[in-house]
Amino acid sequence: MTEIATPAQPDAIELKTGGLPDAKAKEAWHSQYGSTFARNVTDATLTPFLPDPDNASGAAVIVAPGGGFRTLSMENEGWEVAKALAERGIAAFVLKYRLNQTPADLEGFKRSMDEMFSNIENRPPRLGPAQMKDQLALQLQDSQAALALIRQRAKEWNVESDRIGMIGFSAGAMLTMTTTLVAEDADLAFIANIYGPISSTDVPDDAPPLFVALAADDPFFANDNFGLIESWHAAGKPVEFHFYEQGGHGFGMYPKETTSTGWFDAFLSWLKMHKMVN
0 MTEIATPAQP
10 DAIELKTGGL
20 PDAKAKEAWH
30 SQYGSTFARN
40 VTDATLTPFL
50 PDPDNASGAA
60 VIVAPGGGFR
70 TLSMENEGWE
80 VAKALAERGI
90 AAFVLKYRLN
100 QTPADLEGFK
110 RSMDEMFSNI
120 ENRPPRLGPA
130 QMKDQLALQL
140 QDSQAALALI
150 RQRAKEWNVE
160 SDRIGMIGFS
170 AGAMLTMTTT
180 LVAEDADLAF
190 IANIYGPISS
200 TDVPDDAPPL
210 FVALAADDPF
220 FANDNFGLIE
230 SWHAAGKPVE
240 FHFYEQGGHG
250 FGMYPKETTS
260 TGWFDAFLSW
270 LKMHKMVN
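Residue numbers (numbering that gives the first Met the number 0): 0 to 277.
Written out as structure tokens, the structure is:
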């Protein structure tokens with residue numbers, strides 16, 4: 000990890016969801032794995048990546064990066080994903096949601112992340128939607144504010160309000176699923192869970208089509224069985240699941256010599272099947 004200056008984000012729109020109560024550490028940024036990360040985010044923002052109007056399909060997607068709610072993989076799981084979607088005619092909006100506080104200094108932050116990763120085998124049972132609603136209350140406010148803003152400015156951004164979806168990575172996938180399952184009036188047109196939890200759940204009557212991608216060697220979620228996929232399928236809701244032999248956790252848009260790198264093309268094909276891409 001290398002400390003870096005906060006990058007320019009001229010298009011970021013403040014969501015004004017109230018800051019982070021009792022925050023002591025200020026937002027900071029660092030570089031890792033050749034990519035850019037944010038931590039100690041106290042004010043949520045939404046950054047639009049809009050397609051050429053002549054190529055716009057009218058569909059839109061909120062992109063929620065991951066990072067264990069302690070950091071955000073803004074480049075690999077945010078900006079790069081949004082740019083690629085915009086190039087295909089989909090309006091993409093990167094959600095920089097509020098995070099749990101970690102030590103302000105980089106060494107202290109690194110220790111806190113190492114401690115989290117060292118306890119993989121002793122992690123507590125997966126929380127259900129009601130518990131996630133409480134635990135992710137602030138982040139849920141951020142995702143709902145993002146949805147409201149996109150719908151409010153839909154005409155300006157060439158977006159059709161009934162064709163807005165959400166894609167999340169790891170912790171961002173948890174937020175995507177929580178938004179889908181418990182947020183009032185979310186009405187998402189489609190959702191994607193990229194290497195997030197896949198435990199079984201109660202599926203709402205208005206559940207949207209679900210796309211899931213996970214690697215078999217993912218240390219966090221590959222041993223959770225396939226309850227989420229089975230739940231969606233049993234409820235008669237559209238679901239597509241890609242279980243890659245290799246890829247680990249956090250592959251995102253990194254170029255890797257594993258078939259997991261093909262998740263984005265598979266996701267695009269799925270969006271085309273659902274008439275979200277021209």
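For every residue, glycine included, the Cβ atom is placed at its ideal position computed from N, Cα and C.
Residue i in three-state terms, based on DSSP
i	result
I228	helix
Q31	strand
R87	coil
V60	strand
N39	coil
N54	helix
V80	helix
M275	coil
K132	helix
A22	coil
A7	coil
A233	helix
Span of the alpha helix (DSSP H), counted from its first residue to its last, around residue i
i	result
L180	170–181
E256	First-last for E256: undefined, no H or E at that position.
F108	105–117
N-terminal and C-terminal residue of the beta strand (DSSP E) that residue i is part of
i	result
L139	Per DSSP, L139 belongs to no beta strand (DSSP E); it is in the alpha helix (DSSP H), 136–151.
Y96	Neither: Y96 is in no beta strand (DSSP E) and is coded neither H nor E.
I285	As displayed, the chain neither begins before 0 nor continues past 277, which places residue 285 out of reach and without an answer.
F220	From DSSP, F220 is part of no beta strand (DSSP E); its letter is neither H nor E.
V238	238–243
One or two residues paired with residue i in a DSSP bridge
i	result
F266	BP columns for F266 are empty, so no partner.
I12	L45
N192	G167, V211
T200	DSSP output for T200 lists no bridge partner at all.
L187	According to DSSP, L187 bridges with nothing at all.
L71	A37
Burial state of residue i (16 or more Cβ within 10 Å)
i	result
A233	exposed
R97	buried
S117	exposed
A214	buried
(Q) Quick check: the segment 29–45 against the segment 217–224, are at least 3 beta-carbon pairs closer than 8 Å? (A) Contact fails: fewer than three Cβ-Cβ distances are below 8 Å.
Q) Three or more C-beta pairs closer than 8 Å, one from the segment 178–196 and one from the segment 92–108: is that the case here? A) Taking a cut-off of 8 Å on C-beta distances, the segment 178–196 does not touch the segment 92–108, as fewer than three cross pairs fall below it.
Q.
When you compare the segment 66–81 with the segment 9–25, are there three or more beta-carbon pairs, one atom per stretch, that lie closer than 8 Å?
A. By the criterion of at least three beta-carbon pairs nearer than 8 Å, the segment 66–81 is not in contact with the segment 9–25.
Q.
For the structure I just gave you, are there three or more beta carbon pairs, one from the segment 56–68 and one from the segment 160–177, closer than 8 Å?
A. Cβ pair count under 8 Å is three or more, so yes.
Q: Assess, as a yes-or-no matter, whether the segment 47–65 is touched by the segment 83–96 under the definition of 3 or more beta carbon pairs within less than 8 Å.
A: Yes: the two stretches touch, three or more of their Cβ pairs being nearer than 8 Å.
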